[in-house]
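Some notes on the structure that comes next.
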Amino acid sequence: MIRLCHAAVSSATLKRKRFFRETGDSGQWLYLGRDYLCFRNWRQALGPSWEHREYSNELQSLAHKWRVPYLDWVTGLGRKNNTLAWWTSSVSERNTYGSSLYHSICYLSIGLSVLASERPPSLVVIESSAVLHALAGHPDLAGRVHVLDSRTNRLKEMCRWIASWARYFIRTAGSVWNAYVTRSPGATPEEEKDRPRVLIHTCIDDSYFGEDGVARDRYFGTLARELRHRGYDVVVLPWIYSLRRSQREAFRWFRQHPGEYLLPEDFCSPRDYVWAAGIVMRQSFMLKGQHVFLGMDITGLVREACRQQGSRTETARFVLYYRLVRHLLNRRVRLDRFIDMHENMVTEKPQIMAFREFMPWVTLVGFQHYSESIPLMLCLFTTPEEAEFAPHPDYIVCNSPHMLSRMEQMGFPRDKLRAGPSLRYQHLIGKPASAAPESKKVLVVLPLGRDYTAEMMDLLLEGFREPEGLEFWLKPHPMLDEKELRTITRGIPEHFSVVEGNMDQWLARAACVVVSGSTSSFEAALAGIPVVVVGRRTDLDLNPLSWFSEFAPAVHSPAELRDEVLHSLSLTGKQMGALSAWAEKMRERAISAITDETVGAFMEQRGEKRRAS
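Residue numbers for the sequence shown follow numbering that gives the first Met the number 0, beginning at 0 and rising by one.
Okay, structure coming up:
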């Protein structure tokens, strides 16, 4: 008998259920889910005598194979549900950086395949209740499985829903109050009729607030200054994320630059925040009826995804932008152009829909800011059919000619794409291959997400228990919470250290770069530095270098990681020359300088658009 066990069930419960008495003290088990911390807890509880059934290669292959069919399937749903609630839902977003419906579908298929094998595992631990019950109810497994589910799952889910929305309204009240106590006469941008006005929506962390009072935009770089130099009045709509300073301090900083920042709290009423929350809550009840994907009944998986997206309180912040645009119209705030980051996520869709409805004369520009795309990050893709009706910008300024070609390959219409400047990567222009002045130094670029970082650190610490003359520099993701970073790096050995500063200063010194789930791997490759990409054991590999046959696939074990790092540190002059030649050739297309021509891509007028009188 195969035990299908929900991940929330404890090992103590298994003992009470006499599981170990029936199966013995050893066996094979399978973990279906992307939460590495949960996987690690189960592995430790079961002990070394239980062998995990590895399936990473099968998962990556399946995810690549099903990407296009899944995008087509979601496009069909979008055609039927073309509303604000749909475009701000996680199902429509298909962001595979976190848990997603696509993950659940892949896990269901992997589970069916493994359990149908000649020697199926005795225990299958599953994060998703929907995947668990889909496996348990499958006709091919009738009479062969026994379900161990957590009876409190639904109750916990409801409690989390209540707690998350309670925190949302508490945070909202705090934000409104902080905006009120810091408000100044310049809260509403003053009219400058002789200059066209641009509103830039950008993500802001602590690095944005320069001690000299000058903003340092991580994503748009010097774009605001370039546009002001060319006669534009630039206003910033800040998306505050992962601050060490208080929100009130950030608001005070914005107020010290009157007329340059537009805060939603200055325009939106309590009713707007409640309305935005209602839109997100409504997503719990979307997509009724039966759903089939490639012959698999995934109705339960869709229902679970809808329930979960109804508690994504962070989405309400962006839904609020829909009401914000209407308030800007009513308050006669003049805008000619709106520029946003383009990642094809829910963070962009509400404002696009709102401008099209309330201020249709505003030109909408998306900036594709990353240096390379990621093949299994499905939110970055679209389909030709979806592009006809989805709330995409009027045109998308790409990071480089290389990314313009890639975006077309990923489904975006060629006539919407423009080649712009590489605002985040100017330090790579004309950069020679690294001379690796510190030949035994390894730069480790930590990813965003505690489980991603924990898995990467476990592989590194197991693969390099002793210094062996090597030193590892840990470079945190700029949005990684400082408290989480301290937890993850507590007790690390002396040959590991946390470093701060810009990426380019560490790339110039490192002999090798270890990366997981980040476009930083492509940035390091452009610098001519050997790169080792760390994959996920039970999750999708978000590896931008998988577009290129010149690079090795991602590693998934301490032994593989150790071998690749030591190999990278021992490359011959000829091998380093090959990396340098590839980097030099790729930089010509993948990195664009800031020039009148490339900045002009942000200022292009759409001829058929006319401002309302």
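Heads up, the beta-carbon is just placed ideally off N, CA and C, and yes, glycines get one too.
Keep in mind it's a predicted model, so treat the numbers as computed, not measured.
- Exposed or buried, V180, counting other C-beta atoms within 10 Å across all chains shown (16 or more means buried)? For the purposes of this step, residue 180 is taken as the residue at position 181 of the sequence shown. That one is exposed.
- Query: Hey, G209 and Q255: beta-carbon distance below 9 angstroms or not?
  - Reply: By 1-based counting over the sequence shown, the position of residue 209 is 210. By 1-based counting over the sequence shown, the position of residue 255 is 256. Contact flag unset, no.
- Item | Short Cβ contact (9 angstroms threshold) for V554 with V512 | Here the question's residue 554 lines up with position 555 in the sequence shown. Here the question's residue 512 lines up with position 513 in the sequence shown. Contact: no.
- Close Cβ partners of S612 (< 7 angstroms) along its chain, the five nearest in sequence each way excluded: As a first step, residue 612 must be located in the sequence shown, where it is residue number 613. Annotation note: pLDDT 33 at S612 (below 50); position unreliable, coordinate value reported separately. Here the set comprises nothing.
- Item | I1 versus E50: straight-line alpha-carbon distance, rounded | Looking up residue 1 in the sequence shown gives position 2. Looking up residue 50 in the sequence shown gives position 51. Rounded to the nearest angstrom, the two C-alpha atoms are 15 angstroms apart.
- Could you give the DSSP three-state label for H145: helix, strand or coil? For the purposes of this step, residue 145 is taken as residue 146 along the sequence shown, with counting starting at 1. DSSP places H145 in strand when its eight states are reduced to three.
- Give me the Cα-Cα distance between Q59 and G429, rounded to the nearest whole angstrom. For the purposes of this step, residue 59 is taken as the residue at position 60 of the sequence shown. For the purposes of this step, residue 429 is taken as the residue at position 430 of the sequence shown. Going by the C-alpha atoms only, they are around 35 angstroms apart.
- Item | Integer Cβ distance of S591 from G419, believed to fall under 8 angstroms | The sequence position of residue 591 within the sequence shown is 592, counting from 1. The sequence position of residue 419 within the sequence shown is 420, counting from 1. Sure, about 7 angstroms apart at Cβ, within 8 angstroms.
- Of the residues L319, R78, I593, E563, the one placed nearest A276, counting alpha carbons only: Position 277 of the sequence shown, counted from the start, is the residue given in the question as residue 276. Minimum Cα distance to A276 is reached at L319.
- Query: Start and end of the alpha helix (DSSP H) containing C105?
  - Reply: Along the sequence shown, one-based indexing puts residue 105 at 106. Unbroken alpha helix (DSSP H) run through C105: 100–114.
- Task: Indicate whether N398 and Q425 have their beta-carbon atoms separated by less than 9 angstroms.
- Result: The residue you call residue 398 lines up with position 399 of the sequence shown. The residue you call residue 425 lines up with position 426 of the sequence shown. No, the Cβ-Cβ distance between N398 and Q425 is not below 9 angstroms.
- Message: Please give the ranges of any beta strand (DSSP E) in the region 504–536, keeping only runs that are unbroken, at least 3 residues long and fully inside the region.
- Response: 511–514, 530–532
- Whole-angstrom distance between L460 and A526, CA atom to CA atom: For the purposes of this step, residue 526 is identified with residue 527 of the sequence shown, where counting begins at 1. For the purposes of this step, residue 460 is identified with residue 461 of the sequence shown, where counting begins at 1. The alpha-carbon atoms of A526 and L460 are separated by roughly 26 angstroms.
- Task: Following the continuous alpha helix (DSSP H) through Y96, name the residue where it begins and the one where it ends.
- Result: Along the sequence shown, one-based indexing puts residue 96 at 97. No alpha helix (DSSP H) holds Y96; DSSP gives it neither H nor E.
- Using the rule of at least 16 other Cβ atoms within 10 Å of the residue's Cβ for burial, across every protein chain shown, is G500 buried or exposed? Walking along the sequence shown from the start, residue 500 turns up at place 501. Exposed, by the Cβ-count rule.
- Message: Quick check: is the beta carbon of E559 nearer than 9 angstroms to any beta carbon in chain D?
- Response: The chain inventory of the structure shown lacks chain D, comprising one protein chain alone.
- Query: Around the C-beta of C158, are 16 or more other C-beta atoms found within 10 angstroms, so that it is buried, or is it exposed?
  - Reply: Walking along the sequence shown from the start, residue 158 turns up at place 159. The residue is exposed, with fewer than 16 neighbouring Cβ atoms inside 10 Å.
- Message: Whole angstroms are fine: how far does the CA of D232 sit from the CA of T221?
- Response: As a position in the sequence shown, residue 221 is number 222, starting the count at 1. As a position in the sequence shown, residue 232 is number 233, starting the count at 1. Approximately 14 angstroms between the Cα atoms of the pair.
- Just mark E587 as buried or exposed, buried being the case when its beta carbon has 16 or more other beta carbons within 10 Å. Position 588 of the sequence shown holds residue 587. Counting Cβ neighbours within 10 Å, E587 comes out exposed, since fewer than 16 surround it.
- Task: Could you have a look at E50 and say whether DSSP puts it in helix, strand or coil?
- Result: Translated into positions along the sequence shown, residue 50 becomes position 51. E50 falls in the strand class under three-state DSSP.
- Cβ pair P529, L570 closer than 9 angstroms: Locating residue 529 in the sequence shown gives position 530, counting from the first residue. Locating residue 570 in the sequence shown gives position 571, counting from the first residue. Yes, Cβ-Cβ distance for P529 and L570 is below 9 angstroms.
- Item | Euclidean distance between Cα positions of E259 and T151 | The residue you call residue 259 lines up with position 260 of the sequence shown. The residue you call residue 151 lines up with position 152 of the sequence shown. Computed Cα separation, rounded: 50 angstroms.
- Buried or exposed: where does P47 fall if 16 or more other Cβ atoms within 10 Å of its Cβ makes it buried? Position 48 of the sequence shown, counted from the start, is the residue given in the question as residue 47. Result: exposed.
- Message: If I measure Cβ to Cβ from R423 and keep anything under 7 angstroms in the same chain, skipping five residues before and after, which residues do I get?
- Response: As a working note, residue 423 is residue 424 in the sequence shown. Hits under 7 angstroms: Y218, G220, H368.
- Message: Suppose the cutoff is 8 angstroms on Cβ atoms and the five residues either side in sequence are ignored; what does the same chain contact list for G410 look like?
- Response: The count along the sequence shown starts at 1 and reaches residue 410 at position 411. Same-chain partners within the cutoff: L70, F380, T381, T382, P383, E385, A386.
- Query: Can you give the Cα-Cα distance for E248 and R170, rounded to whole angstroms?
  - Reply: Along the sequence shown, read from residue 1 onward, the residue named residue 248 stands at position 249. Along the sequence shown, read from residue 1 onward, the residue named residue 170 stands at position 171. Going by the C-alpha atoms only, they are around 15 angstroms apart.
- Spatial distance of P552 from L328 (CA atoms): Taking the first residue of the sequence shown as position 1, residue 552 is located at position 553. Taking the first residue of the sequence shown as position 1, residue 328 is located at position 329. Cα to Cα, the separation comes out at about 51 angstroms.
- The beta strand (DSSP E) spanning W28 covers which residue range? Mapped onto the sequence shown, residue 28 falls at position 29. Residues 26–31.
- Distance between beta carbons of R302 and A129, contact taken as under 8 angstroms: As a first step, residue 129 is located in the sequence shown; it is residue number 130 there, counting from the start. As a first step, residue 302 is located in the sequence shown; it is residue number 303 there, counting from the start. Indeed, because the Cβ distance is near 7 angstroms, the residues count as touching under 8 angstroms.
- Taking 9 angstroms as the cut-off, decide whether the C-beta atoms of L45 and A453 are in contact. Along the sequence shown, read from residue 1 onward, the residue named residue 45 stands at position 46. Along the sequence shown, read from residue 1 onward, the residue named residue 453 stands at position 454. No, the pair does not count as a contact, with Cβ atoms beyond the cut-off.
- Mind checking who G309 pairs with in its DSSP beta bridge? Against the sequence shown, residue 309 aligns to sequence position 310. The partner list for G309 (beta bridge, DSSP) is empty, contrary to what the question assumes.
- Task: Determine, using beta carbons only, whether V497 and P475 come nearer to each other than 9 angstroms.
- Result: As a working mapping, residue 497 is identified with position 498 in the sequence shown. As a working mapping, residue 475 is identified with position 476 in the sequence shown. Result yes, Cβ atoms of V497 and P475 sit closer than 9 angstroms.
- Query: In the DSSP assignment, what are the bridge partners of R336?
  - Reply: Here the question's residue 336 lines up with position 337 in the sequence shown. Looking at the DSSP assignment, R336 forms a beta bridge with V197, T362.
- Three-way DSSP call (helix, strand, coil) for E126 in this model: Looking up residue 126 in the sequence shown gives position 127. E126: coil per DSSP, three-state reduction.
- Alpha-carbon to alpha-carbon, A115 and G173: Counting from one through the sequence shown, the residue named residue 173 turns up at place 174. Counting from one through the sequence shown, the residue named residue 115 turns up at place 116. Cα to Cα, G173 sits roughly 54 angstroms from A115.
- Message: Please classify D339 as buried or exposed, where buried requires at least 16 neighbouring CB atoms within 10 angstroms.
- Response: Numbered from 1 along the sequence shown, position 340 holds the residue referred to as residue 339. Counting Cβ neighbours within 10 Å, D339 comes out buried, since at least 16 surround it.
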